[in-house]
Amino acid sequence: MTRSRIRAMLALFAITLASTTGGAEPPEKIFPFPLSVFQLDNGLTVVGVEYDSPGIIAYYTVVRTGSRNEVEPGFSGYAHFFEHMMFRGTEKYPTDAYNDVIKRLGADSNAFTTDDWTTYHTVASADALETIMDLESDRFLNLSYSVDDYRTEAGAILGEYNLNFSNPVSLLRETLRDLAFTAHPYQHTTIGLLEDIEAMPDHYDYSVEFYDRYYRPNNCIIVVVGDFDPAELERLATQYYRDWEPGSFAPTIPVEPPQTAERTAEVTWSNPTLPLLMIGYHAPAFSDQAIDMPVMDVLSQLLFSQNAPLFKQLYLRDQVVDVLSGGAVDHRDPPLFEITVRITKPDRVDYVRDAILAEIERMKTEPVDAAVLADTKSAMRYAFARGLDSPGAIAQTLAHYLQLTGDPETVNRVYALYDAVSADDILAVAATYFAETNRTVVLLREEGP
């Protein structure tokens, strides 16, 4: 057994021990693996994580740009568009050549986009590190595409939008966002608005400008996890990325004004569907300094986990829902705490909604039991640590926190805040954010005859 594997096991043991001994000792850092961090002169940050995965590495390129950056009216969906476009190739590695190299390596390569970030990820053999750096640096420095290529990919985006919106939850979430936000780009979902996607083929020049703004080294972070030599990583990063020129564009992100009254809407679905209810509350932005966001995460477990009273009431006892979830994903700006419910008995919609709101109100007035709170926090911490079990999972987890702050120590600081959450914090945060005036409710029903 190697030393990094032993360190990981010891970290998990320390986490479990702290939860079972009343936390007498300060908890170990939640992220147990050794880090090496360096920055090139052009602002590109490279984070290496040594992990016992002989012969395997994960290589993530984090672009700190998502639909949050789409501030100009009429131009939503471009962050997601580039998730596709970056696979269109360069002069050195056209699309087919790029794909052939990936196949020859036996690598798993893909990408995803969110509200706040886009990431390109590859898991491959460790001896392919230089080849991967050659491929990735080339497309980040030298992406090129014709007007015809651009229009073809824009058409593919429209197809993806139509596929997504064959699911009523997509319409429900789009409606909730549009109603809850009035100024911030979180008002539109990551894929963008239909009218903007339909107009996308005519905006080739804007796509080039978007790439020029955001695909810059000072807006990106590379994360490498697994079997590599830190000195060799730094040498290769310098060799392949040093000519990438930094940028200076900084978007002005509109600030969402406080919501002052409940907002509601009802939409219909033309095909058969059970009623779907979505409730949103404006929630705090991610922070590794303020406790509000960690408290909201704990609240999501207390309200909607399978051990929660609400789940036992609505799902197990009354059997009036078959989907019940709620929470807020970490965001750089204040997002929504979204509650999603599918109701199995259409005549019980009001009952389900009232039960959820009543349980939320209870969280404002009744302190959570100390043992329940301790068990909840322990389960959250252990679930996190247990998920750090492969190079890809570790890279994605660390990349998530890096895109929020740029600092790899963020993950440890925020979990220290989770440990500090108290029953009084829960009462205060629930009262602040779960106010009726901060609530948006959207109901989707099957269209009547």
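The sequence shown lines up with residues 263 to 711 when you count with this note's numbering. Note that the Cβ used here is the ideal one computed from N, Cα and C, for glycine as well.
By the CB criterion at 7 Å, residue 487 and residue 311 fall inside the cutoff. The criterion of a C-beta distance shorter than 7 Å is not satisfied by residue 419 and residue 300. Classified as buried, residue 439 has 16 or more neighbouring CB atoms from the shown chains inside 10 Å of its CB. DSSP lists 527 and 540 as the bridge partner or partners of residue 704.
In the same chain as residue 441, and ignoring 5 residues on each side of it, the C-beta atoms closer than 7 Å to its own belong to 525, 527, 702 and 704, in chain order. Cβ-Cβ distances below 7 Å link residue 615 to 539 in the same chain, with the five nearest sequence neighbours on each side left out; the list follows chain order. The DSSP-derived three-state label of residue 605 is strand.
Take the alpha-carbon of residue 586 and the one of residue 466: they are about 42 Å apart. For residue 372, the secondary structure class from DSSP, reduced to helix, strand or coil, is strand. Excluding its 5 nearest sequence neighbours in each direction, residue 489 has C-beta neighbours in its own chain below 7 Å: 315, 316, 317, 318, 319 and 388, listed in chain order. For residue 516, DSSP assigns no beta-bridge partner whatsoever. In this structure, residue 375 lies near residue 341, with their beta-carbon atoms less than 7 Å apart. As computed with DSSP, residue 693 is found in no beta bridge at all.
Taking the C-beta atoms as reference points, residue 355 is found nearer than 7 Å to residue 400.
In this structure, residue 453 places its C-beta atom within 7 Å of the C-beta atom of residue 339. A straight-line Cα-Cα distance of about 10 Å links residue 394 and residue 360.
The three-state reading of DSSP puts residue 589 in strand, counting E and B together. Shown here, residue 465 sits in coil according to DSSP, grouped into three states, outside any helix or strand. Taking C-beta atoms as the reference points, residue 665 and residue 385 fail to come closer than 7 Å.
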